[in-house]
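Notes follow the structure.
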Amino acid sequence: MVVQCEQVWREVSNYLEGDLNPELRLAIEQHVRGCSRCTAVLDGTRNVVHLYGDERMFDVPLGFSYRLRHRLEETTSSRKRTALGWVVAFAVAALLLASFEVARSSSWGWPQLRNRLAQSTTSIPPNMMVVAADDGKVFHVPGCRYIHDKAHVRTLTAGEALKEGYTPCVRCMKQYLSAAALAGFADAETASAAVRASEEE
Amino acid sequence: MPENPAENLNEERLIQRVCNGEHELFYELVRPYERRLYAAALAILRNEADAEDVTQEAVLKAFKHIRQFRAEARFSTWLIQITVNEARMRRRKQHADLIDPIDHRDEEGNYVPQDFADWREIPSETLERKEIREKLGQALSSLGEKYREVFILRDMQHLSIDETAKVLGISIASVKTRLLRARLMLRDLLAPGFGGNWSSRLTFEKGSKPW
């Protein structure tokens, strides 16, 4: 079997793949031995395959792996979150519903306060005498040192003050309430006296 | 590419664990191939930024569809297939109106080598030189797309002819024809440099005849 240059060029790729019948393979090898052009083609093609097949041809830009990993982590963790998301959403919904139910139900009383000072304003005796400034927002026990505008205070009962929209002074009223609660004082004068006494201590 | 059974087994186990919810292990699966995937994307897109982006997209896609991976294919081939598809899609979007003129050459006609420079041996060490790698990259970029794709998969990614045909969705005969032409064209592009210019510079640099 004799082959021409054109046939060698046509088969050079198959030759390198080892994808030729033995007869053709032998014929090509015989031809190439005596043909410098075909030798150049065959060697060069083999070199091309060899060079490009090298692992070192795979150049990546600086930081490539880091960026790929980072992007992957963003996705994998957000997917995790969405998987958990339904569970969390259900839990939150259940809690909300439960809290509405609790708030609606009349059997649920006021919670036990942790601090006996933290009484609600309703426990201030309505007939207790307090002072408040006309342009102020807060009413005080007479003698409280946190009265804002001492020159323009008027005296009224705690019930009136609350009705007029004043709020109790967090300082003296707390002290009053605690002093009243402790000593069981009923009237304002002894209460304010107790307050003054406690302040002087 | 893990060819030995131990590594394949390891890969199988990793895939199983990722499927079972250990998502953070997925990168371990991809790590051995990330450079190849990038090279494949780069060879198709010829742009580094696009290639990196497409590689990331492909890896994310592989992660999302890991359950669809079937063990009859190699995991690496599956990854490459996804990357090639993503890269092709990106290129089509970018060059919807452009047609690669080289692709219109007659595929069936015989390719006649143009350069017969003697290029007997090449030391692999030349690949350590960035400029050589760049020359090879430029030569590859200058090929028409259909030749480039086949060449990347077969000669760079070491897919079999069959796998290459499947990944690209073309016949085995087409793979062989395009592969032959790609190799011969690359030889024509590179032989003058390796046969003379570059080697003489190498001789000068190294003080000995490299080939």
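Top to bottom, those sequences are chains A and B.
So for the first sequence, this note's numbering puts the first residue at 1; every next one is plus one.
So for the second sequence, this note's numbering puts the first residue at 1; every next one is plus one.
Ideal placement from N, C-alpha and C gives every residue a C-beta, glycine not left out.
Along chain A, in chain order, which residues have C-beta atoms closer than 9 angstroms to that of residue i?
| i | result |
| --- | --- |
| Arg13(B) | Those do not exist, as Arg13(B) stays about 18 angstroms from chain A at its closest Cβ, beyond 9 angstroms. |
| Gln56(B) | Arg67, Leu68, Arg71 and Leu72 |
| His158(B) | Gly53 |
Given 7 angstroms as the limit, tell me if residue i has its C-beta closer than that to any heavy atom belonging to the ligand ATP.
| i | result |
| --- | --- |
| Leu16(A) | In terms of ligand content, the structure shown is empty, and the ligand ATP therefore cannot be addressed. |
Consult DSSP for residue i and reduce its assignment to one of helix, strand or coil.
| i | result |
| --- | --- |
| Gln7(A) | helix |
| His70(A) | helix |
| Gly18(A) | coil |
| Ala73(B) | coil |
| Pro125(A) | coil |
| Val30(B) | helix |
| Leu156(A) | strand |
| Val138(A) | strand |
| Val131(A) | strand |
| Pro61(A) | coil |
| Pro192(B) | helix |
| Val112(B) | coil |
| Asn20(B) | coil |
Our contact map puts residue i next to residue j with C-beta atoms below 8 angstroms; I'd like the distance itself, whole angstroms only.
| i | j | result |
| --- | --- | --- |
| Thr77(B) | Glu163(B) | 5 angstroms |
| Val54(B) | Leu45(B) | 6 angstroms |
| Ile172(B) | Ile161(B) | 6 angstroms |
| Tyr111(B) | Leu184(B) | 5 angstroms |
| Leu51(A) | Leu153(B) | Wrong, their Cβ atoms sit about 16 angstroms apart, outside the cutoff. |
| Ala58(B) | Leu37(B) | 6 angstroms |
| Asp135(A) | Arg154(A) | Contact flag wrong, Cβ pair sits at about 11 angstroms. |
| Gln56(B) | Arg71(A) | 5 angstroms |
Anything in chain A within Cβ reach of residue i, meaning under 8 angstroms, just list it in chain order.
| i | result |
| --- | --- |
| Leu136(B) | Leu51, Tyr52 and Met57 |
So which residues on chain B does residue i lean against when the C-beta distance must stay under 7 angstroms?
| i | result |
| --- | --- |
| Gly44(A) | Trp119, Arg187 and Ala191 |
| Phe64(A) | Tyr38 and Glu52 |
| Val60(A) | Arg35 and Tyr38 |
Leaving aside the five residues before and after residue i along the sequence, list all residues of the same chain whose C-beta is less than 7 angstroms from its C-beta, in chain order.
| i | result |
| --- | --- |
| Leu25(B) | Leu14, Arg17 and Val18 |
| Ala165(B) | Ser171, Ile172 and Val175 |
| Arg90(B) | Leu45, Asp50 and Val54 |
| Ile28(A) | Val3, Val8, Glu11 and Tyr15 |
| Phe69(B) | Ile15, Phe75 and Trp78 |
Excluding the five sequence neighbours on either side, which residues of its own chain have a C-beta within less than 8 angstroms of the C-beta of residue i, listed in chain order?
| i | result |
| --- | --- |
| Glu205(B) | Residue placement at Glu205(B) is poorly supported in this model, since its pLDDT is 44, which falls under 50; the coordinates still yield a value, given next. Nothing listed; no residue qualifies. |
| Thr167(A) | Thr121, Lys137, Val138 and Phe139 |
| Asp103(B) | Summary for Asp103(B): the model assigns pLDDT 48, below 50, so the residue's position carries little reliability, and this model does not support an answer. |
| Leu26(A) | Met1 |
| Val167(B) | Thr77, Ile80, Gln81, Val84, Leu153 and Leu159 |
| Trp119(B) | Arg187, Leu190, Ala191, Phe194 and Gly195 |
| Met156(B) | Arg36, Ala39, Ala40 and Ala43 |
List the residues of chain B whose Cβ lies closer than 9 angstroms to the Cβ of residue i, in chain order.
| i | result |
| --- | --- |
| Ala40(A) | Pro113, Asp115, Phe116, Ala117, Asp118, Trp119, Arg120, Arg187, Ala191 and Gly195 |
| Glu6(A) | Asn110 and Val112 |
| Trp9(A) | Asn110, Tyr111, Val112, Pro113, Leu180 and Leu184 |
Using a cut-off of 7 angstroms between C-beta atoms, extract the partners of residue i located in chain A.
| i | result |
| --- | --- |
| Asp155(B) | Val49, Tyr52 and Gly53 |
| Tyr258(B) | Given that chain B is displayed from residue 1 to residue 211, the structure contains no residue 258(B) and the question cannot be resolved. |
| Glu86(B) | Here the premise fails: no neighbours, minimum Cβ distance about 14 angstroms. |
| Ser124(B) | Asp54 |
Please work out which residues of its chain come closer than 6 angstroms, Cβ to Cβ, to residue i, disregarding the five sequence neighbours upstream and downstream, and give them in chain order.
| i | result |
| --- | --- |
| Phe63(B) | Phe26 |
| Leu179(B) | Val150 and Arg154 |
| Phe100(A) | none |
Can you confirm whether residue i, when its beta carbon is compared against all beta carbons of chain E, has any partner nearer than 8 angstroms?
| i | result |
| --- | --- |
| Arg33(A) | The question asks about chain E, but that chain is absent: this structure's protein chains are A and B. |
Starting from residue i, find everything on chain B with Cβ-Cβ shorter than 8 angstroms and list it in chain order.
| i | result |
| --- | --- |
| Val12(A) | Leu180, Arg183 and Leu184 |
Count the C-beta pairs between the stretch 32-40 of chain A and the stretch 58-65 of chain A that are closer than 8 angstroms, then say yes if the count reaches three, no if not. no
With three or more beta-carbon pairs closer than 8 angstroms as the criterion, would you say the stretch 156-172 of chain A touches the stretch 122-140 of chain A? yes
Three or more beta-carbon pairs under 8 angstroms between the stretch 81-95 of chain B and the stretch 95-104 of chain A, yes or no? In short, these stretches do not touch, since the Cβ pair count stays below three.
Would you be able to state if there are at least three C-beta pairs under 8 angstroms between the stretch 13-20 of chain A and the stretch 45-53 of chain A? yes
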